[in-house]
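Colleague: Take this structure first; my questions come after.
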Amino acid sequence: MALIEVSHLTKRWRKDRLALDDVSFEVRQGEILGLLGHNGAGKSTILGITLGMVRPDGGEVRISGHSVQTNRADALRQIGAIYEAAHFYDYLSGLQNLRVLCSLSGWWDEAEVKRVLKLVNLDKRADHKTKTYSHGMRQRLALAQALLPRPKCLLLDEPTDGLDPEGIREFRELVLKLRAEYGMTILVNSHLLAEVEQMCDRCVILKQGRKMYEGIVPSQQRKQTVFQLQTRDMVKARELIRSTGATIDPVTNLVDLPPHIVGHEMLRQIVEAGVRVDSWQAHKPTLEEFYLGMTGA
Amino acid sequence: MILFFHQWQSELLKLFARRRTYIGFVAFLALELVIWLLFEFLNGEKRLAWLIARQGQAFEQYDSALTLAFIIIGLSVLLLGAIYLALVAGDIVAKENEDGHYRLLLVRPISRVRLLFIKYLSCTCYTILLIQFIVWTSFLLGLILKGWGGGFFVAILDPPILEFYPWGEGLERFFVSTVLISFSMTIVSSIAFFFSCLPMKPAAATIGALSYFLIDRIVRETGFMDNYDQFLLTKHISTWALALKTTIPWPVIARSFTVIAAVNASLFILGAAFFQARDLKS
Numbered sequence: 078m079a080l081i082e083v084s085h086l087t088k089r090w091r092k093d094r095l096a097l098d099d100v101s102f103e104v105r106q107g108e109i110l111g112l113l114g115h116n117g118a119g120k121s122t123i124l125g126i127t128l129g130m131v132r133p134d135g136g137e138v139r140i141s142g143h144s145v146q147t148n149r150a151d152a153l154r155q156i157g158a159i160y161e162a163a164h165f166y167d168y169l170s171g172l173q174n175l176r177v178l179c180s181l182s183g184w185w186d187e188a189e190v191k192r193v194l195k196l197v198n199l200d201k202r203a204d205h206k207t208k209t210y211s212h213g214m215r216q217r218l219a220l221a222q223a224l225l226p227r228p229k230c231l232l233l234d235e236p237t238d239g240l241d242p243e244g245i246r247e248f249r250e251l252v253l254k255l256r257a258e259y260g261m262t263i264l265v266n267s268h269l270l271a272e273v274e275q276m277c278d279r280c281v282i283l284k285q286g287r288k289m290y291e292g293i294v295p296s297q298q299r300k301q302t303v304f305q306l307q308t309r310d311m312v313k314a315r316e317l318i319r320s321t322g323a324t325i326d327p328v329t330n331l332v333d334l335p336p337h338i339v340g341h342e343m344l345r346q347i348v349e350a351g352v353r354v355d356s357w358q359a360h361k362p363t364l365e366e367f368y369l370g371m372t373g374a
Numbered sequence: 003m004i005l006f007f008h009q010w011q012s013e014l015l016k017l018f019a020r021r022r023t024y025i026g027f028v029a030f031l032a033l034e035l036v037i038w039l040l041f042e043f044l045n046g047e048k049r050l051a052w053l054i055a056r057q058g059q060a061f062e063q064y065d066s067a068l069t070l071a072f073i074i075i076g077l078s079v080l081l082l083g084a085i086y087l088a089l090v091a092g093d094i095v096a097k098e099n100e101d102g103h104y105r106l107l108l109v110r111p112i113s114r115v116r117l118l119f120i121k122y123l124s125c126t127c128y129t130i131l132l133i134q135f136i137v138w139t140s141f142l143l144g145l146i147l148k149g150w151g152g153g154f155f156v157a158i159l160d161p162p163i164l165e166f167y168p169w170g171e172g173l174e175r176f177f178v179s180t181v182l183i184s185f186s187m188t189i190v191s192s193i194a195f196f197f198s199c200l201p202m203k204p205a206a207a208t209i210g211a212l213s214y215f216l217i218d219r220i221v222r223e224t225g226f227m228d229n230y231d232q233f234l235l236t237k238h239i240s241t242w243a244l245a246l247k248t249t250i251p252w253p254v255i256a257r258s259f260t261v262i263a264a265v266n267a268s269l270f271i272l273g274a275a276f277f278q279a280r281d282l283k284s
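Here the protein sequences line up with chains A and B, keeping their order. Heads up: the first sequence begins at 78 in the numbering used here, then just goes up one per residue. Heads up: the second sequence begins at 3 in the numbering used here, then just goes up one per residue.
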């Protein structure tokens with residue numbers, strides 16, 4: 078079931094620059110979806126529209142069935158978000174910042190706030206002014222505010238931007254924990270491919286405001302369809318492979334199988350045809366390879 | 003309603019938790035002392051004595067806490083009041099946008115209009131509080147220097163008023179007029195607030211508001227719009243002083259304050275409409 082439905086979004090900035098061109102996708106309940114694209118591809122614009130910060134020229138976003146464009150308050154009640162860089166009131170403490178933000182949701186529960194602060198490992202610094210916080214601590218506070226009051230879905234816009242490797246790992250583990258423990262649905266916008274690869278179930282790839290791909294993160298695909306063949310009888314092997322409906326790349330010798338043939342079956346046919354096979358290895362494309370291929374970069 | 007008060011409380015927490023908010027109070031306190039010192043050292047008392055004597059009254063009778071406080075308030079509000087109020091109100095929406103706070107605030111299920119209304123209300127409260135602070139500290143300074151009692155001498159150029167009151171009635175007139183001045187100054191913060199809602203820097207909003215008042219004042223002073231001066235805001239702002247006339251023209255005051263309230267409401271609605279239509283993205 079889709080928790081967020083993005084339908085036919087179109088947005089033009091000034092001077093008729095097309096930021097989004099009929100983009101549609103959905104975020105299913107309980108999944109982590111990565112929104113990928115180069116700078117200016119339209120990722121933040123989609124999040125901005127989803128949060129009602131940016132008005133689309135066409136299309137709409139629905140959260141749990143509520144349209145953000147016509148019923149923003151009900152739609153946003155379902156989500157917590159980190160949108161672009163989180164700028165807190167640096168003259169207020171972490172706790173006071175949370176109090177100010179939660180008042181806008183009409184909610185305050187001291188015990189729940191303490192629990193979330195502990196979850197993000199900020200419980201000991203909650204009474205300190207945020208101007209004394211490191212970048213990592215600010216990001217964790219940003220995550221804390223997004224988790225209050227407990228939302229069904231999290232929208233994270235470049236959440237690990239500017240964090241050190243340790244901070245990135247901590248953040249990633251925290252996000253995975255949220256999904257595992259609370260079944261939270263998460264939409265992550267990032268240009269860090271490794272981050273998306275390690276965190277997300279599915280991804281949407283954007284290029285210049287257009288959707289290029291929506292589906293499972295390639296490296297996580299269970300069914301193996303691409304294999305690397307090494308043989309000295311390549312001419313014979315190619316003929317046989319093509320006759321089965323599979324394709325083989327003449328340069329890399331990567332065999333892409335059709336849906337009705339599995340890897341070991343194809344290998345058996347090649348061997349039975351008398352081809353001496355030196356090596357037959359499953360080839361898992363990385364997200365980077367896939368992304369670069371998709372965006373033509 | 004309870005939710006609204008919680009949200010307003012949070013806005014006030016933001017406003018009064020920052021040090022910058024108090025700079026105004028300290029600056030005005032310092033200005034009041036400077037005005038008093040200048041008054042002492044630049045023969046202010048002699049000039050005042052001369053002015054009172056010309057009306058056939060005894061200077062000693064009207065050299066009081068009320069007269070001194072009124073002089074200090076008049077000069078403080080005239081010199082710094084508009085500038086400082088425009089500065090704070092110009093900041094209230096535009097600075098939060100510049101600092102990126104809306105990216106945290108508006109991902110919450112609160113409408114932009116409601117958020118702006120809370121800000122406008124805080125801004126108006128701040129205006130009234132600041133003017134009342136000037137009133138009470140000036141009066142306190144007057145009491146320390148001149149003591150309790152005496153008369154109240156009023157001399158204003160715009161509108162032209164020259165009056166003498168005994169202490170009791172003077173106290174009454176003093177506080178009525180200063181309450182009115184607090185409300186009339188809300189129009190300064192409303193104009194700055196309106197500019198602040200447009201996509202511009204906080205300083206530009208402040209300058210925009212001050213420029214408007216400067217032009218309004220110049221147009222009024224030149225007499226170019228003598229027959230249409232009801233369209234000039236500075237005319238309505240100065241109506242507070244009418245509470246110091248022997249016979250208070252309440253209908254005139256009521257009309258001006260209705261205009262002020264209507265302009266305030268219109269500026270808020272216009273500002274909110276512009277803010278509502280904006281895309282908030284860096």
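Idealized CB from N, CA, C, for every residue including glycine.
For S66/B, name the three-state secondary structure that DSSP assigns.
Modeller: Stepping through the second sequence from its first residue, residue 66/B is reached at position 64. S66/B: coil per DSSP, three-state reduction.
Colleague: What did DSSP end up calling T129/B once you bin it into helix, strand or coil?
Modeller: Taking the second sequence and counting its residues from 1, the one referred to as residue 129/B is at position 127. Helix at T129/B.
Colleague: Listed from N- to C-terminal order along the chain, which residues in the stretch 102-115 of chain B have their beta-carbon within a distance smaller than 7 angstroms of any beta-carbon of chain A?
Modeller: G102, H103, R105, L106, L107, L108, V109, R110, P111, I112 and S113
Colleague: With H, G and I counted as helix, E and B as strand and the rest as coil, what does DSSP make of H212/A?
Modeller: Residue 212/A sits at position 135 when you count from the first residue of the first sequence. It is helical.
Colleague: Since L124/A is in the beta strand (DSSP E), which residue starts that stretch and which ends it?
Modeller: The residue given as residue 124/A occupies position 47 in the first sequence. L124/A -> not in any beta strand (DSSP E); alpha helix (DSSP H) instead, spanning K120 to T127.
Colleague: Could you pull out every residue in the same chain whose Cβ sits closer than 7 angstroms to the Cβ of Q358/A, ignoring the five residues on either side in sequence?
Modeller: Along the first sequence, read from residue 1 onward, the residue named residue 358/A stands at position 281. F304 and Q305, listed in sequence order.
Colleague: Is the CB-CB distance between V100/A and I81/A below 8 angstroms?
Modeller: Here the question's residue 100/A lines up with position 23 in the first sequence. Here the question's residue 81/A lines up with position 4 in the first sequence. Taking 8 angstroms as the Cβ cut-off, V100/A and I81/A do not qualify as a contacting pair.
Colleague: If you draw a straight line from the alpha carbon of S140/B to that of L70/B, how long is it in whole angstroms?
Modeller: Taking the first residue of the second sequence as position 1, residue 140/B is located at position 138. Taking the first residue of the second sequence as position 1, residue 70/B is located at position 68. Taking C-alpha positions only, S140/B is separated from L70/B by approximately 8 angstroms.
Colleague: Using the Cα positions of L234/B and L68/B, report the straight-line distance between them to the nearest angstrom.
Modeller: Within the second sequence, the letter at position 232 stands for residue 234/B. Within the second sequence, the letter at position 66 stands for residue 68/B. Between L234/B and L68/B, the C-alpha separation is close to 30 angstroms.
Colleague: Determine the chain A residues that contact K283/B at a beta-carbon separation under 8 angstroms, and present them in chain order.
Modeller: Here residue 283/B corresponds to residue number 281 of the second sequence, with the count starting at 1. Neighbours of K283/B on chain A, chain order: S121, T122, G125, M130, V131 and E161.
Colleague: Just how far apart, CA to CA, sit A205/B and A163/A?
Modeller: Here residue 205/B refers to the residue found at position 203 of the second sequence. Here residue 163/A refers to the residue found at position 86 of the first sequence. A205/B and A163/A: Cα-Cα distance of roughly 23 angstroms.
Colleague: What does K104/A touch in chain B if you count any residue whose Cβ is under 8 angstroms from its own?
Modeller: Indexing the first sequence from 1 puts residue 104/A at position 27. It should be pointed out that residue 104/A corresponds to Val in this sequence rather than to Lys. Within chain B, no residue comes near V104/A; the closest Cβ sits about 16 angstroms away, beyond 8 angstroms.
Colleague: Opposite L231/A in the DSSP bridges: which residues?
Modeller: The residue given as residue 231/A occupies position 154 in the first sequence. The partner list for L231/A (beta bridge, DSSP) reads G157/A and I263/A.
Colleague: DSSP puts I140/A in a beta bridge; with which residues?
Modeller: In the first sequence, counting from the first residue as 1, residue 140/A sits at position 63. Per DSSP, I81/A and H143/A.
Colleague: Distance cutoff 8 angstroms, beta carbons only. Does A96/B sit that close to anything in chain A?
Modeller: Residue 96/B sits at position 94 when you count from the first residue of the second sequence. False, the Cβ-Cβ gap to chain A never drops below 8 angstroms.
Colleague: Under the rule that 16 or more other beta-carbon atoms within 10 Å means buried, what is S213/B, buried or exposed?
Modeller: Position 211 of the second sequence, counted from the first residue, corresponds to residue 213/B. So S213/B ends up on the exposed side.
Colleague: From A267/B to I112/B, what distance separates their C-alpha atoms?
Modeller: Along the second sequence, one-based indexing puts residue 267/B at 265. Along the second sequence, one-based indexing puts residue 112/B at 110. Their backbone Cα atoms lie some 21 angstroms apart in a straight line.
Colleague: For L143/B, which residues in chain A fall below 8 angstroms Cβ to Cβ?
Modeller: Residue mapping note: residue 143/B aligns to position 141 of the second sequence, counting from 1. Those do not exist, as L143/B stays about 31 angstroms from chain A at its closest Cβ, beyond 8 angstroms.
Colleague: Going by C-alpha to C-alpha distance, which of I109/A, K195/A, E161/A and L199/A sits closest to I263/A?
Modeller: The residue given as residue 263/A occupies position 186 in the first sequence. Considering only alpha carbons, the answer is I109/A.
Colleague: Cβ of L17/B less than 8 angstroms from any chain D Cβ?
Modeller: Going by chain labels, chain D is absent from the structure shown, which instead holds the protein chains A and B.
Colleague: On a CA-only basis, which of V354/A, L334/A and G135/A is nearest H360/A? Give me that one, please.
Modeller: Along the first sequence, read from residue 1 onward, the residue named residue 360/A stands at position 283. Out of V354/A, L334/A and G135/A, L334/A has the C-alpha closest to the C-alpha of H360/A.
Colleague: In the structure shown, what three-state DSSP assignment does G111/A receive?
Modeller: Translated into the one-based positions of the first sequence, residue 111/A becomes position 34. In the structure shown, the three-state DSSP call for G111/A is strand.
Colleague: What ranges does the alpha helix (DSSP H) occupy inside the stretch 168-205 of chain A, keeping only unbroken runs of at least 4 residues that lie completely in it?
Modeller: 171-182 and 187-196
Colleague: Identify the contact partners of H238/B in chain A, using a Cβ-Cβ distance below 9 angstroms as the criterion.
Modeller: Numbered from its first residue, the second sequence carries residue 238/B at position 236. Those within 9 angstroms of H238/B in chain A number zero; the least Cβ separation is about 35 angstroms.
Colleague: Which same chain residues, not among the five before or five after K208/A, have their C-beta less than 8 angstroms away from its C-beta?
Modeller: Here residue 208/A is taken as the residue at index 131 of the first sequence, counted from 1. Once the five neighbours on either side are set aside, the close Cβ partners of K208/A are D167 and Y168.
Colleague: So which residues of chain B does V154/A contact, with C-beta pairs closer than 7 angstroms?
Modeller: For the purposes of this step, residue 154/A is identified with residue 77 of the first sequence, where counting begins at 1. As written in the sequence, residue 154/A is Arg, which differs from the Val given in the question. Simply P111.
Colleague: Looking at the unbroken alpha helix (DSSP H) that takes in G292/A, where does it start and where does it end?
Modeller: Start at 1 with the first residue of the first sequence, and residue 292/A comes out as number 215. No alpha helix (DSSP H) holds G292/A; the beta strand (DSSP E) holding it covers R287 to I293.
Colleague: Helix, strand or coil: how does DSSP classify Y167/B here?
Modeller: As a position in the second sequence, residue 167/B is number 165, starting the count at 1. If DSSP states are grouped into helix, strand and coil, Y167/B belongs with the strands.
Colleague: Considering just the uninterrupted stretch of the beta strand (DSSP E) at V100/A, what are its terminal residues?
Modeller: By 1-based counting over the first sequence, the position of residue 100/A is 23. Boundaries of the beta strand (DSSP E) around V100/A: L95 to R105.
Colleague: From R202/A to A88/B, what distance separates their C-alpha atoms?
Modeller: The residue given as residue 202/A occupies position 125 in the first sequence. The residue given as residue 88/B occupies position 86 in the second sequence. Cα-Cα distance, rounded: 36 angstroms.
Colleague: Roughly how many angstroms separate the alpha carbons of L86/A and S141/A, rounded to a whole number?
Modeller: Stepping through the first sequence from its first residue, residue 86/A is reached at position 9. Stepping through the first sequence from its first residue, residue 141/A is reached at position 64. Their backbone Cα atoms lie some 18 angstroms apart in a straight line.
Colleague: Going by DSSP in three states, A60/B sits in which element: helix, strand or coil?
Modeller: The residue you call residue 60/B lines up with position 58 of the second sequence. Coil.
Colleague: Please identify, using Cβ separations under 9 angstroms, the residues of the stretch 172-188 of chain A that lie next to chain B, in order along the chain.
Modeller: Q173, N174, R176, V177, L178, C179, S180, L181, S182, G183 and W185
Colleague: Given that Y259/A touches chain B, what residues does it touch there, using C-beta distances under 7 angstroms?
Modeller: Residue 259/A sits at position 182 when you count from the first residue of the first sequence. Under the 7 angstroms cutoff, chain B gives no residues; its nearest Cβ is about 19 angstroms from Y259/A.
Colleague: Closer than 8 angstroms by C-beta to A245/B: which residues in its own chain qualify, once you throw out the five before and the five after it? Chain order, please.
Modeller: The residue labelled residue 245/B in the question sits at position 243 within the second sequence. Excluding sequence neighbours, A245/B sits near R175, V178, S179, L182 and I255.
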